[in-house]
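Trainee: Pasting in a structure now, in structure tokens, and then I'll have a few things to ask.
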Ligand SMILES: [Zn+2]
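Protein chains in written order, with full-length UniProt numbering: chain A, 1 to 312; chain B, 1 to 289.
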């Protein structure tokens with residue numbers, strides 16, 4: 001049996017350890033997308049922002065490659081830090097020099113946090129940048145006032161004339177999925193314990209809505225989160241009767257189709273990497289090639305196994 | 001004929017005309033190119049021109065050697081070459097280039113950094129870029145380290161002894177190779193030989209293998225009994241490549257005692273004498289391993 005391949009299209013690997021990379025590779029994750037985000041502590045200088053963006057286009061990409069995982073990223077000013085106007089102005093000035101680096105698949109994650117006027121201003125400015133550079137967009141929808149914040153994000157995208165099929169709306173839930181899909185956007189779900197979405201709920205959504213334009217990610221970061229959320233969700237979905245073809249779409253193919261529109265991400269990157277990649281960036285995934293079974297958790301009893309698989 | 005002319009010729013020959021024209025137009029403003037446009041050009045280059053290896057003939061390589069001794073564009077890519085050419089056509093001639101180059105390297109992705117460092121020798125006043133070249137050697141990304149250290153005349157020409165020595169030692173540390181470092185024999189020195197011997201002792205103490213290449217920079221300074229004892233230990237290795245390296249090192253040692261030792265290694269001594277064992281030959285064997 002060959003290991004199914006997974007993509008985790010929202011993972012803040014800069015906050016994770018080599019154990020995570022090893023476990024992800026063993027579980028079949030072949031590629032990750034690292035959105036530029038809030039690192040927990042507010043940045044107060046544009047210089048620290050520059051170094052952060054350099055890290056996710058450079059060092060982190062290299063680090064992932066050492067574990068046989070292809071690493072891509074998105075570039076943007078996040079909504080929280082958009083509220084520091086002095087910083088935001090300077091960051092906007094340096095974004096164009098990062099947005100076209102190797103492996104940048106979108107402008108993101110951008111959108112609203114408290115839905116302030118400054119957040120709105122820089123969200124719009126970055127949508128214009130995406131348009132100018134012809135890049136997809138990854139939208140972070142707010143945790144609070146989510147339903148209205150999500151609708152508003154999509155209104156603004158439409159107002160700026162970006163096609164919805166180039167825009168991924170992330171952190172959806174039961175309340176937002178119908179509208180996101182109905183308006184033609186990609187609907188992503190972050191399987192993140194406690195706050196965003198659990199994987200049992202995700203399986204129910206797949207049952208109800210199918211997998212068309214649905215994307216599953218972990219959003220793993222510095223908080224209590226799970227870097228194996230995508231393979232775990234795929235396994236749980238299979239156990240609960242979701243057809244393999246739908247699992248493949250939600251946990252691999254849709255993310256590839258959405259972000260592949262950047263021209264920076266293709267299956268070739270991990271199935272048949274170019275010699276220059278192998279010399280510089282990518283160690284190859286021998287585990288995958290060898291066809292080992294995915295290692296998620298060693299089951300103990302059926303009940304415990306089930307329990308370990310679930311992210312609440 | 002300059003390096004810039006050569007690179008223009010190679011790219012024009014290999015690229016479809018509309019792609020080549022795109023690059024020409026992007027850089028048409030020369031030194032007056034606005035900063036934002038330069039960053040966008042550098043970013044767009046692989047997207048517009050692709051990342052193929054540069055197709056070079058033996059004549060091309062000879063021409064490169066003529067315009068800039070030591071310059072070895074073998075293994076360069078289309079995007080990397082276009083990036084170096086872009087710098088030459090826009091910012092490289094400006095007075096503030098060292099500062100600009102520093103900024104470009106600081107915000108470079110891996111492929112860009114490799115291209116920028118490979119071009120070090122081609123920019124005007126290369127000596128002013130030395131601190132940034134040293135930064136490249138400090139990189140944890142081996143391919144970036146090698147962009148400075150390997151097949152690049154820059155370190156041999158511009159690194160002081162301390163910088164040079166640390167680069168050579170680091171190459172061994174990160175499991176890279178010494179053979180592609182230009183000027184290895186010419187810049188060997190007693191201090192480096194001591195550092196390398198200490199490093200070999202560390203490896204032996206930890207039960208780890210020692211790269212046969214290490215002895216190349218030790219041989220010319222293996223004068224006292226302690227240094228010769230280290231070569232004896234390498235000669236006793238079960239790895240035939242390490243034995244061969246020890247013999248090669250003994251063959252250039254200034255100590256009269258070295259000749260005796262080498263003579264005792266009958267077959268290897270004969271191969272060195274008739275030129276069938278050299279560092280080039282040994283390096284090719286290590287490549288094949
Ligand atoms: Zn995030």
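Note that CB positions come from ideal geometry on N, CA and C, so glycine has one too. Keep in mind the model is a prediction, meaning the values are calculated, not measured.
At least one CB of chain B closer than 8 Å to the CB of residue 96 of chain A: is that the case?
Mentor: yes
Trainee: Just grab the DSSP bridge partners of residue 34 of chain A for me.
Mentor: A/73
Trainee: Just to confirm the assignment, what range does the alpha helix (DSSP H) spanning residue 98 of chain A have?
Mentor: 85-99
Trainee: Counting only the same chain and skipping the five closest in sequence on each side, list residues whose C-beta sits under 6 Å from that of residue 234 of chain A.
Mentor: 247 and 251
Trainee: Can we count residue 193 of chain A as close to ligand 1, meaning its CB is less than 7 Å from some heavy atom?
Mentor: no
Trainee: Between which residues of its own chain and residue 157 of chain A is the CB-CB distance below 6 Å, once the five residues before and five after are set aside?
Mentor: If you ignore the 5 residues before and after residue 157 of chain A, its C-beta comes within less than 6 Å of the C-beta of 167, all in its own chain and listed in chain order.
Trainee: For ligand 1, any of its heavy atoms closer than 7 Å to the Cβ of residue 37 of chain A?
Mentor: yes
Trainee: Name the chain A residues that come within less than 7 Å of residue 77 of chain B, Cβ to Cβ?
Mentor: 276
Trainee: I'd like to confirm something about residue 219 of chain A: is its beta-carbon nearer than 7 Å to some heavy atom of ligand 3, or not?
Mentor: Ligand 3 is not part of the structure shown, which contains ligand 1 as its ligands.
Trainee: In terms of alpha-carbon separation, which member of B/182, B/112, B/180 and B/269 lies closest to residue 244 of chain B?
Mentor: B/269
Trainee: For residue 57 of chain A, return the contacting residues in chain B, with the cut-off set at a CB-CB distance below 7 Å.
Mentor: Correct list: 109.
Trainee: Please tell me whether residue 279 of chain A has its Cβ less than 8 Å away from any Cβ of chain B.
Mentor: yes
Trainee: What's the gap between the Cα of residue 258 of chain B and the Cα of residue 173 of chain B?
Mentor: 28 Å
Trainee: Give the range of the alpha helix (DSSP H) segment to which residue 174 of chain A is assigned.
Mentor: It is not in any alpha helix (DSSP H) - residue 174 of chain A carries neither H nor E in the DSSP assignment.
Trainee: Do residue 133 of chain B and residue 280 of chain A come within 8 Å of each other at the CB atom, strictly closer than that value?
Mentor: no
Trainee: Any chance you could list the alpha helix (DSSP H) runs of at least 4 consecutive residues sitting entirely within the region 14-72 of chain B, in chain order?
Mentor: The qualifying runs are 17-26, 35-49 and 58-67.
Trainee: Give every residue of the same chain whose Cβ lies closer than 7 Å to the Cβ of residue 116 of chain A, excluding the five residues on either side of it in the sequence, and list them in chain order.
Mentor: 83
Trainee: Taking buried to mean at least 16 other C-beta atoms within 10 Å of its own C-beta, is residue 249 of chain B buried or exposed?
Mentor: buried
Trainee: Measuring only the C-alpha atoms, how far is residue 279 of chain B from residue 149 of chain B?
Mentor: 18 Å
Trainee: Which of the three DSSP states is assigned to residue 174 of chain B in this structure?
Mentor: coil
Trainee: Use the C-beta contact count for residue 265 of chain A: other C-beta atoms within 10 angstroms, 16 or more gives buried, fewer gives exposed.
Mentor: buried
Trainee: Along the chain, where does the alpha helix (DSSP H) containing residue 82 of chain B start, and where does it finish?
Mentor: 78-89
Trainee: List the whole-angstrom C-beta distance separating residue 33 of chain A from residue 74 of chain A, where the pair is believed to meet the contact cut-off of C-beta under 8 Å.
Mentor: 7 Å
Trainee: Who are residue 138 of chain A's beta bridge partners in DSSP?
Mentor: A/168
Trainee: Residue 54 of chain B and residue 4 of chain B: beta carbons closer than 8 Å?
Mentor: With contacts defined as CB atoms closer than 8 Å, residue 54 of chain B and residue 4 of chain B fail to qualify as a contacting pair.
Trainee: Which chain B residues sit within Cβ distance under 7 Å of residue 101 of chain A?
Mentor: 43 and 109
Trainee: Between the region 12-27 of chain A and the region 62-69 of chain A, can you find at least three pairs of beta-carbon atoms closer than 8 Å?
Mentor: At 8 Å Cβ cutoff, the stretches touch.
Trainee: Work out the CA separation of residue 189 of chain A and residue 87 of chain A for me, nearest whole Å.
Mentor: 30 Å
Trainee: Using the Cα positions of residue 124 of chain A and residue 59 of chain A, report the straight-line distance between them to the nearest angstrom.
Mentor: 30 Å
Trainee: At a Cβ cut of 7 Å, what residues of the region 114-130 of chain B count as close to chain A, listed as they run along the chain?
Mentor: 114
Trainee: In chain order, what residues of the same chain lie with their CB nearer than 6 Å to the CB of residue 219 of chain B, ignoring the 5 residues before and after it?
Mentor: Scanning its chain for C-beta atoms nearer than 6 Å, with the 5 sequence neighbours on each side dropped, one finds around residue 219 of chain B the residues 249, 252 and 253, in chain order.
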